[in-house]
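Novice: Sharing a structure, written as structure tokens. Questions coming.
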Amino acid sequence: MIGKYRWIICGLLFAATTINYVDRQVLSLLKPLLEQKFDWTEKDYSYLVIVFQACYALGFVSFGKLIDRIGTRLGYVVCMFIWSIASISHAFVGGTATFAAVRGLLGFGESGNFPSALKAVSEWFPSTERSLAVGIVTAGTSIGAIMAPATVPWLAVKYGWQAAFIITGLSGFVWLIIWLRIYRLPEETARLSPEERDYIAQDSGVAKVPEFKGRWLDLLKMKETWAFALGKFMTDPIWFFILFWLPSYFSDRYHLDLQHLGFPLMAVYCSTSVGSVGGGWISSFLIGRGWKVATARRFTMLMMALLVIPLCFSAQVGSMWGMIALLSVAAAAHQGWSANIYSMPADYFSKSMIASVQGIGGMAGSIGGMLFPVFIGIILDYYRSINSINTGYYVLFAVCGSAYILAWLFIQLLTRKTSALD
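Written out as structure tokens, the structure is:
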């Protein structure tokens, strides 16, 4: 009988991703309060997001190479320690400049999460289960996004905004203790049964990826690297917009205060966990039914891209709950998209280079995440100045709704008929 120890590892990776997204979202939830305290404009806030994204991009490349060199276990320790310290440090800053500094450190540390987690998935799961496992791991972003609005406003109101940063940051150190006790490679794990170890090592007939023998820079010459990077560049900024500006959107359009933001945000973010697991399950199911790996991935990603398009028509939605439904579908589709695009490097590259490719794609996504906030800040400040802030959000949602189908077309063009995967 095949054991299930690999799912314990998946649960641990899910928990780390949850912590990652709780920590990064504290600032966006406290934005209305901190705007008054530090006298921030929309552009000031966008600059904080840009600092986070710039350091996030730098960290992706740095951690991608580091994790491939020192291994997943130690690599996760380094990044979790850095981002947990940075999260706590937000509570002790005294101005916008120092806020930007700790925000940058948080971005740098948090960037190591996905290269570490997705390399671990490639080490612990065969190809037929990989996208489902990735979907469960990326569901941590959804649960983190749900937990943050459920707890952070309450902590800020009851104990002060500093407590929200301190308490959420401490959770990372609890996770580190468990991680160091449990995680090893499958071949080094005594609790793993021989049957499960053999199951992890096989690919159930899926084409094996040849060992990559080039240098790190040679990855940039491969169209599969660019397909992954362009997909991340065009769609990651949309998720960051949902995380960092959705609280402000509900505050601006529906005049919700800090104590009433939690429920609408939780309603949107609850749907994302369904998208994460569902998107991963669909492609895994198709692969199990005999579909080629890349074909199953692209078909599932097309489904998710089509589900985001209705967001372009947000101007036609009048009620708050109608908008919540529209955002819920789009956010769930993003997570289904992510479960599959995150699986792509393991489909096309050997295990020794997965974290590096994830780092390149993550950097591309973060560069997009740096550029988009500039556009957001300009658009929102302009429309706020003419007392038409809702129109500014309609423009932004139209951009969000079209991004995925354009990204899918680029991926389709670059990965069509790639080796035995098609």
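Counting from 87, one number per residue, gives the positions in the sequence shown under my numbering. We put the CB at the ideal spot given by N, CA and C, even for glycine. Computed from a prediction, not measured in an experiment: that's the story for all the values here.
1. Would DSSP call residue 278 helix, strand or coil?
2. Assign residue 405 to one of two classes, buried (16 or more other C-beta atoms within 10 Å of its C-beta) or exposed (fewer than that).
3. Select from 275, 390, 163 and 468 the residue whose C-alpha is nearest the C-alpha of residue 102.
4. Is residue 473 helix, strand or coil by DSSP?
5. Could you compute how far the alpha carbon of residue 146 sits from the alpha carbon of residue 110?
6. Which whole-angstrom value is the C-beta distance of residue 471 and residue 118, which I expect to be below 8 Å?
7. What does the alpha-carbon distance come out to for the pair residue 335 and residue 479?
8. If you pair each beta-carbon of the segment 303-321 with each one of the segment 439-453, do three or more pairs fall below 8 Å?
9. Rounding to the nearest angstrom, what Cα-Cα distance links residue 245 and residue 113 in this structure?
10. Taking only heavy atoms of the ligand HEM into account, decide whether any of them is closer than 6 Å to the Cβ of residue 417.
11. In chain order, what residues of the same chain lie with their CB nearer than 6 Å to the CB of residue 269, ignoring the 5 residues before and after it?
12. Can you round the beta-carbon distance between residue 414 and residue 357 to whole angstroms, since I take them to be within the 8 Å contact cut?
13. Could you check the C-alpha separation between residue 444 and residue 95 for me, to the nearest Å?
14. Considering only the beta carbon of each residue, do residue 128 and residue 463 sit closer than 7 Å?
15. Report back the beta-carbon spacing between residue 189 and residue 138 to the nearest angstrom; my notes put them in contact at under 8 Å.
16. Under the rule that 16 or more other beta-carbon atoms within 10 Å means buried, what is residue 264, buried or exposed?
17. Going along the chain, which residues of its own chain have a beta-carbon closer than 6 Å to the beta-carbon of residue 456, five neighbours each way excluded?
18. Return the first residue and the last residue of the alpha helix (DSSP H) that residue 122 is part of.
19. Hey, how far is the Cα of residue 226 from the Cα of residue 132?
20. Comparing alpha-carbon positions, which option in 258, 393 and 232 lies nearest residue 355?
21. Please return the same chain residues whose Cβ sits closer than 6 Å to the Cβ of residue 496, not counting the five positions on each side in sequence.
22. Between which two residues does the alpha helix (DSSP H) carrying residue 90 extend?
23. Which value, in whole angstroms, describes the spacing of the CA atoms of residue 156 and residue 380?
24. For residue 386, which three-state DSSP category applies?
25. Return the CA-CA distance between residue 506 and residue 196, expressed in angstroms with no decimal places.
26. In angstroms with no decimal places, state the Cα-to-Cα distance between residue 287 and residue 208.
27. What does a CB cutoff of less than 6 Å around residue 191 pick up in its chain, not counting 5 residues either side in sequence?
28. State buried or exposed for residue 106, treating a residue as buried only when at least 16 other CB atoms are found within 10 Å of its CB.
29. Could you check where the alpha helix (DSSP H) with residue 409 kicks off and where it finishes?
30. Nearest to residue 142 by alpha carbon, out of 483, 447, 467 and 474?
31. Within 10 Å of its beta-carbon, does residue 184 have 16 or more other beta-carbons around it, so buried, or fewer, so exposed?
32. Would you mind sorting residue 198 into buried or exposed? The rule is 16 or more other CB atoms within 10 Å of its CB.
33. Let me know the secondary structure DSSP gives residue 211 once reduced to three states.
34. Please give the ranges of any alpha helix (DSSP H) in the segment 122-189, keeping only runs that are unbroken, at least 4 residues long and fully inside the region.
35. Give me the Cα-Cα distance between residue 402 and residue 408, rounded to the nearest whole angstrom.
36. What residue does the alpha helix (DSSP H) around residue 41 start on, and which one ends it?
Specialist: Once the coordinates are examined:
1. coil
2. exposed
3. 163
4. coil
5. If I take the Cα positions, the gap works out to 16 Å.
6. About 19 Å; that fails the 8 Å criterion.
7. Distance between the alpha carbons of residue 335 and residue 479: 8 Å.
8. Two segments are said to touch when three or more pairs of C-beta atoms, one from each, lie closer than 8 Å; by this definition the segment 303-321 touches the segment 439-453.
9. 16 Å
10. Ligands in the displayed structure: none, and consequently the ligand HEM is not present.
11. Annotation for residue 269: 159 place their beta carbon closer than 6 Å to its own, counting only its chain and skipping 5 residues before and after.
12. 4 Å
13. Their Cα atoms are separated by approximately 19 Å.
14. yes
15. 5 Å
16. exposed
17. Excluding sequence neighbours, residue 456 sits near 136, 139 and 140.
18. 117-124
19. Roughly 25 Å separates the two Cα atoms.
20. 232
21. 316
22. Note, residue 90: premise wrong, no alpha helix (DSSP H); not H, not E.
23. 29 Å
24. helix
25. Model confidence at residue 506 stands at a pLDDT of 44, short of 50, so the residue's coordinates are unreliable; what they give is reported in the following sentence. Between the C-alpha atoms of residue 506 and residue 196 there is a straight-line separation of about 35 Å.
26. Taking the straight line from one Cα to the other gives about 10 Å.
27. 172
28. buried
29. 406-427
30. 447
31. exposed
32. buried
33. coil
34. Look at the segment 122-189 and you find these whole runs of alpha helix (DSSP H), each 4 residues long or longer: 128-156 and 158-175.
35. 10 Å
36. Residue coverage of the chain in this structure runs from 87 to 508, which leaves residue 41 outside it and unanswerable.
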